[in-house]
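See below for the structure under consideration.
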Amino acid sequence: VDGKKVAFSGDLMHSPGKVNTLYDMQYNYGGSEGVDMAVFSLSRLRELKPELLCPSHGAPLPNPAHGIGQTIDRLSEYYRFETGGGTLTEANRPYAVSPHFIAHHQTNSSFYAIISNSGKAMFIDYGSASGNYFGSFLNATPAGDRIRFVEHNIDTLKAQYGLKSVEVAMPSHMHDDHMNGFPHLIRHYRTRIWCYENMVDIFENPRGHNLGCTLGEPFKVDRAFRHGEKFRWEEFEFEVTHSPGHTEYQMAMFVSIDGARVAFTGDAFFTNPNAPQSDGALRHNLIFRNHVESDSHLKSIRNILDREPNLIAPGHGKPFLVNRSDLLATEEKLRKQKDLFQELVADRDCDFGLDPSWVKIYPYQMVVKPGESARGEIRVQNYRAVPMKMEVALVLPEGWSAEPDLLRFEAPPRGHASGSFVLRTARERPYGQPRIAIAADVMCDGRYLGQITEAVVDLPA
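And the structure:
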């Protein structure tokens with residue numbers, strides 16, 4: 163304005179070293195999240211070098227750099243006091259594992275930048291700047307009501323590591339803490355999204371699946387990879403493998419960078435704080451509703467054993483060195499886990515006791531206007547070595563119907579099958595509610611299993 167760079171800063175600060183209110187910075191019970199975010203935002207504002215600052219409350223401030231700095235310092239001191247020495251998001255810093263491989267381990271989940279000689283970058287994951295940002299991002303269930311994603315670290319990569327463009331981003335797995343920044347990359351950097359093939363529908367149709375940690379905002383996938391597929395990007399050669407265990411929807415990716423054999427493994431394996439007692443085995447995790455089968459973790463560790471990386475880049479924490487002895491110890495531990503599954507679950511095909519969604523309604527979240535209809539499927543995964551005969555009926559509110567009212571189909575041995583239906587809703591919302599649960603009554607090989615799976619139907623006005 164009139165030859166000056168002017169910043170209209172809202173209530174980010176009031177005057178040098180002052181804010182208008184502190185209570186507006188407390189987003190959660192007893193929290194200091196807004197203070198952390200204010201320091202981060204003020205730091206970005208200072209980098210823009212405004213010549214005049216116009217706050218919503220407080221007088222215009224000419225040459226505001228010093229005043230912004232005072233406010234950052236006081237808020238930082240207050241944050242450390244209230245959190246017992248907590249680390250500010252602004253203090254998070256990436257580091258160069260090697261010239262072309264930059265790690266960000268202090269962000270909410272780790273993300274990695276592979277930067278080519280041309281300055282193009284591939285990101286593996288890109289989640290929120292910190293746990294404070296991610297926690298606040300999640301507070302609203304509807305995606306449109308959540309705090310917007312706040313960009314982080316890209317300017318640092320440009321200034322210190324030669325980044326010119328974010329050409330490709332790949333998720334290690336489907337969880338939102340690892341890729342809730344992907345829509346931002348698409349919108350602002352025209353980044354292409356590549357992923358393992360079984361993640362595509364989750365990203366493009368997130369309402370379809372009954373899985374936790376799903377990002378509610380859909381986005382397009384530009385390229386999908388099969389298990390064992392190899393590809394070249396810039397001067398690097400990659401191999402992608404399916405890496406189930408933490409979740410069925412996870413990959414491991416192998417590449418040589420600056421002489422190191424690197425495996426990007428998502429949340430599959432981590433260093434073990436009890437390593438001496440664990441015989442060197444890596445730490446893993448087990449979340450049944452992420453879709454786990456009895457040999458999932460074994461498949462993943464064997465993929466790594468077959469390719470023998472010397473550096474693992476995990477989904478949380480710093481990259482760490484690994485050797486064959488560590489991997490063999492992990493394999494042995496996971497054999498024991500499989501044995502325990504088989505010993506504990508009553509069904510001889512123990513995966514039926516591990517997978518709560520071997521029968522599911524797709525899509526899990528339907529959107530149907532009152533009085534209208536929608537198509538859906540009953541999907542079945544058969545873990546037996548013989549076919550299974552399925553009979554499934556939807557359990558619906560009064561006045562609703564499904565066509566056919568009873569689905570009959572056969573699931574092949576160790577395979578998948580599905581049956582389609584059309585759901586018709588009544589003209590009035592049941593009980594006046596905008597969201598209704600439905601269920602599926604299931605018989606398998608003549609045995610009644612009950613209502614073992616459900617879905618929800620949203621009824622917009």
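Numbering (my numbering), first residue to last: 163 to 623.
Note that beta-carbon positions come from the ideal geometry of N, C-alpha and C, so glycine has one too.
Check, Outcome
"When the Cα atoms are used, what is the spatial distance from Ile-355 to Asn-270?", "20 Å"
"Quick check on this structure: which residue in Phe-416, Ile-348, Ala-321, Ser-280 has the alpha carbon closest to the alpha carbon of Asp-468?", "Phe-416"
"Using only alpha-carbon positions, find the residue among Ala-169, Val-530, Ile-614, Lys-500 that is nearest to Val-554.", "Ile-614"
"Helix or strand or just coil, what does DSSP make of Arg-310?", "coil"
"Would you report the Cα separation of Asn-372 and Asn-360, rounded to the nearest angstrom?", "15 Å"
"Assuming Ser-535 contacts Arg-586 (C-beta within less than 8 Å), just tell me the rounded distance between them.", "4 Å"
"Starting from the Cα of Gly-196, find the closest Cα among Tyr-295, Phe-285, Gly-247, Ala-169 and give me that residue.", "Tyr-295"
"Grab the span of the alpha helix (DSSP H) containing Phe-365 for me, first residue to last.", "362-366"
"Are the segment 277-295 and the segment 389-400 touching by the rule of at least three beta carbon pairs closer than 8 Å?", "yes"
"Between the C-alpha atoms of Leu-489 and Asp-511, what's the straight-line distance to the nearest angstrom?", "27 Å"
"Are the CB atoms of Val-584 and Arg-541 nearer to each other than 7 Å?", "no"
"Quick one: residues in its chain with C-beta nearer than 7 Å to the C-beta of Arg-589, no 5 flanking neighbours on either side, listed in chain order?", "Pro-532, Gly-533"
"Look at the alpha carbon of Asn-342 and the alpha carbon of Gly-577, and state the distance between them as a whole number of angstroms.", "32 Å"
"Enumerate in chain order the residues of its own chain whose CB-to-CB distance from Leu-223 is below 6 Å, with the five nearest sequence positions on each side excluded.", "Leu-215, Gly-229"
"Considering only C-alpha positions, which residue in the set His-219, Leu-516, Lys-551 is nearest to Glu-572?", "Lys-551"
"Entirely within the segment 430-504 and at least 3 residues each: give me those beta strand (DSSP E) ranges in chain order.", "473-476"
"Looking at the structure shown, is Thr-403 part of a helix, part of a strand, or coil, going by DSSP?", "strand"
"Is Arg-242 helix, strand or coil when you go by DSSP?", "helix"
"Return the residue from the list Ile-474, Arg-464, Phe-381 that minimises the CA-CA distance to Val-422.", "The residue asked about is misnamed: residue 422 is Ala in this sequence, not Val. Cα-wise, what sits closest to Ala-422 is Ile-474."
"Which one of Pro-525, Lys-500, Gln-543, Lys-495 has the shortest CA to CA distance from Phe-514?", "Gln-543"
"Who are Gly-172's beta bridge partners in DSSP?", "Pro-217"
"Is the CB-CB distance between Val-362 and Ala-386 below 7 Å?", "yes"
"Going along the chain, which unbroken runs of the alpha helix (DSSP H) with 4 or more residues stay wholly within the segment 182-234?", "195-209"
"What residues are listed by DSSP as bridge partners for Leu-585?", "Ala-536, Ala-564"
"Only counting the same chain, and skipping five residues up and downstream in sequence, which positions put a Cβ closer than 6 Å to that of Val-259?", "Ala-265, Pro-481"
"I believe Asn-465 touches Ser-418 by the beta-carbon criterion, under 8 Å. Please report the beta-carbon distance rounded to the nearest angstrom.", "Not really, about 16 Å apart at Cβ, beyond 8 Å."
"Which residue from His-478, Lys-522, Leu-460, Gln-527 puts its Cα closest to that of Gln-499?", "Leu-460"
"According to DSSP, is Gln-527 helix, strand or coil?", "strand"
"Unbroken alpha helix (DSSP H) runs of length 4 or more, entirely within the segment 256-341: which are they?", "293-299, 316-323, 338-341"
"State the start and end residues of the unbroken beta strand (DSSP E) segment that holds Arg-349.", "Segment 344-351 is the alpha helix (DSSP H) holding Arg-349; no beta strand (DSSP E) there."
"At what residues does the beta strand (DSSP E) containing Gln-613 begin and finish?", "609-620"
"Can you tell which of Gly-407, Gln-268, Leu-325 has its C-alpha closest to the C-alpha of Ser-334?", "Gly-407"
"Can you tell me whether His-340 is buried or exposed? The criterion is at least 16 other CB atoms within 10 Å of its CB, across all chains shown.", "buried"
"Less than 6 Å between C-beta atoms, sequence neighbours within five positions excluded: which residues of the same chain meet that for Pro-525?", "Arg-369, Gly-370"
"Check Ala-547 in the structure and name its three-state DSSP category.", "coil"
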